[in-house]
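The working numbering puts the sequence shown at residues 683 to 976.
Below you'll find the structure, written out as structure tokens, and then a few comments.
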Amino acid sequence: MSSLPTVEDLRLVEALARHGSLGAAGRELLISQPAASNRLAALERRIGERLFDRDTTGARPTPAGRALAAEAAHVLEHLEAIFDRTRAAARAGSLTAGTFGSLAPWVFPALEDLLGEVTVHQVADHGDRLVEWVGEGSLDVAFVAIANQMRLPATVTALPVARDRLAVLLPAGACLGSGRRPFAGLDVVAYTYDTSTATLHRRVSELGGRPRRAATAETAVRMGRLLGCPVVVPRGMGVSYAEPGEEISAMAIPGRLTLFMVTRRPAPAGLTAAAAGMAARLGLEPASDASRFG
Numbered sequence: 683m684s685s686l687p688t689v690e691d692l693r694l695v696e697a698l699a700r701h702g703s704l705g706a707a708g709r710e711l712l713i714s715q716p717a718a719s720n721r722l723a724a725l726e727r728r729i730g731e732r733l734f735d736r737d738t739t740g741a742r743p744t745p746a747g748r749a750l751a752a753e754a755a756h757v758l759e760h761l762e763a764i765f766d767r768t769r770a771a772a773r774a775g776s777l778t779a780g781t782f783g784s785l786a787p788w789v790f791p792a793l794e795d796l797l798g799e800v801t802v803h804q805v806a807d808h809g810d811r812l813v814e815w816v817g818e819g820s821l822d823v824a825f826v827a828i829a830n831q832m833r834l835p836a837t838v839t840a841l842p843v844a845r846d847r848l849a850v851l852l853p854a855g856a857c858l859g860s861g862r863r864p865f866a867g868l869d870v871v872a873y874t875y876d877t878s879t880a881t882l883h884r885r886v887s888e889l890g891g892r893p894r895r896a897a898t899a900e901t902a903v904r905m906g907r908l909l910g911c912p913v914v915v916p917r918g919m920g921v922s923y924a925e926p927g928e929e930i931s932a933m934a935i936p937g938r939l940t941l942f943m944v945t946r947r948p949a950p951a952g953l954t955a956a957a958a959g960m961a962a963r964l965g966l967e968p969a970s971d972a973s974r975f976g
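Here it is, written out as structure tokens:
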């Protein structure tokens, strides 16, 4: 028997993770509950790990099950798009691009505009996974902020395309203190899209604040409005989300961010040309150099 999972295996794991029930997953896949149970048991034996804890109340994914379900969803999404992408490629150029969730509303429209007639298939995920997919060839390009903070696959190259810095957004009614601890006694919602979240929270604490975590930039801004407290986010995102009556403070928060374009070697000329206009389209500072990583 092949050690590779079949499409049926992946569909079962993905459906079971969504439904939390072998019966419901089986109904979706048009197989009986015993057949679904046997297939899952066989898959677990091949992997050598328990994927779901099962009892009379349902099925709950183990850490291994959650990891496999995420991978299954990614593979199935690509499989489902194969015919559409093939037809689109026959009519015009196309590529698959990825970025992280907070920047997707800016990167994808900018890329569509910069690439003209090229059809852009969009993928949003964590930066390290996007870089991995570029390396394996299932993604053409990724825009991430961690290319200089991770070991890149040997098959990829990373080009700095834009720079940003951290800033403080003050929702209506929120204010800062003075002196060396301007966040003293305040909740501060902090978000950054590179790997320096722990460092950012430490900086907020050193300035007297109680750091609050947010999953995305939009979440951070909405939490700040709800709590009536300062929000620390990349400046470009703060400017984009700020509403009338809200202020981007001149207070400097240490920290610089760089957005990279990651492609397989060598970088396609069309993407390199598009990258040159990305900073202006996103309202960010252009990268000061064209050095590559990886």
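For glycine and all other residues, C-beta sits at the position ideal for the given N, C-alpha and C.
These numbers come from a predicted model, not from an experiment.
Since residue i is in the beta strand (DSSP E), which residue starts that stretch and which ends it?
i, result
"Ala741", "Gly740 to Pro743"
"Ala779", "Ser776 to Thr781"
"Arg894", "Arg892 to Arg895"
Please name the residue in the options whose C-alpha comes closest to that of residue i.
i, options, result
"Gly927", "Arg895, Ser776 and Leu851", "Leu851"
"Val687", "Leu750, Arg907, Ser860 and Pro916", "According to the sequence as given, residue 687 is Pro; it is not Val. Checked all of Leu750, Arg907, Ser860 and Pro916; the closest Cα to Pro687 is Leu750."
"Leu858", "Val913, Arg946 and Glu794", "Val913"
"Pro916", "Arg700, Leu704, Val871 and Asp810", "Val871"
"Leu761", "Glu690, Gly906 and Phe865", "Glu690"
"Ala849", "Met943, Thr874 and Val838", "Thr874"
Leaving aside the five residues before and after residue i along the sequence, list all residues of the same chain whose C-beta is less than 8 Å from its C-beta, in chain order.
i, result
"Met683", "For Met683, the predicted structure reports a pLDDT of 48, less than 50, and the residue's modelled location is therefore unreliable. A value from the coordinates is still provided. So the qualifying residues of the chain are Arg728."
"Leu821", "Thr778, Ala779, Gly780, Val805, Leu812 and Trp815"
"Gly702", "Gly740, Ala741 and Arg742"
"Ala972", "In this prediction, Ala972 has a pLDDT of 45, which is less than 50 and means its spatial position is unreliable; nothing more can be read from the coordinates."
"Ser931", "Ala849, Val850, Leu851, Leu852, Leu858 and Pro912"
Need the endpoints of the alpha helix (DSSP H) that residue i sits in, please.
i, result
"Leu694", "Val689 to His701"
"Arg907", "Ala899 to Leu909"
"Leu711", "Leu704 to Leu711"
Can you give me the Cβ contacts of residue i inside the same chain, cut-off strictly under 7 Å, excluding the 5 residues immediately before and after it?
i, result
"Gln831", "Asp876 and Thr877"
"Leu758", "Leu692, Arg693 and Glu696"
"Ala659", "Because the chain spans 683 through 976 in this model, residue 659 falls outside it and cannot be assessed."
"Ala854", "Gly927 and Glu928"
"Ala707", "Leu694, Ala697, Leu698, His701 and Ala718"
Taking 6 Å as the limit between beta carbons, can you name the residues of its chain near residue i, skipping five residues before and five after?
i, result
"Arg963", "Ala792"
"Arg892", "Asp869"
"Phe1043", "This structure does not reach residue 1043, given that the chain is present from 683 up to 976, and the question cannot be answered."
| task | Count the CB pairs spanning the region 888-908 and the region 777-794 that are closer than 8 Å, and state whether there are at least three. | result | yes
| Which residue spans inside the region 799-882 form an unbroken beta strand (DSSP E) run of at least 3? | 801-806, 823-826, 838-852 and 869-872
| said: With a threshold of 8 Å, are at least 3 pairs of Cβ atoms found where one atom belongs to the region 838-845 and the other to the region 953-965? | reply: The region 838-845 vs the region 953-965: in contact.
| query | Are there three or more Cβ pairs, one per stretch, closer than 8 Å when the region 816-824 is compared with the region 920-939? | reply | Result no; under three Cβ-Cβ pairs closer than 8 Å.
| Would you call the region 874-889 and the region 931-944 touching, i.e. three or more CB-CB distances under 8 Å? | yes
| query | Counting Cβ pairs, one atom from each stretch, are 3 or more of them under 8 Å apart for the region 728-737 and the region 796-803? | reply | Verdict: no, contact absent.
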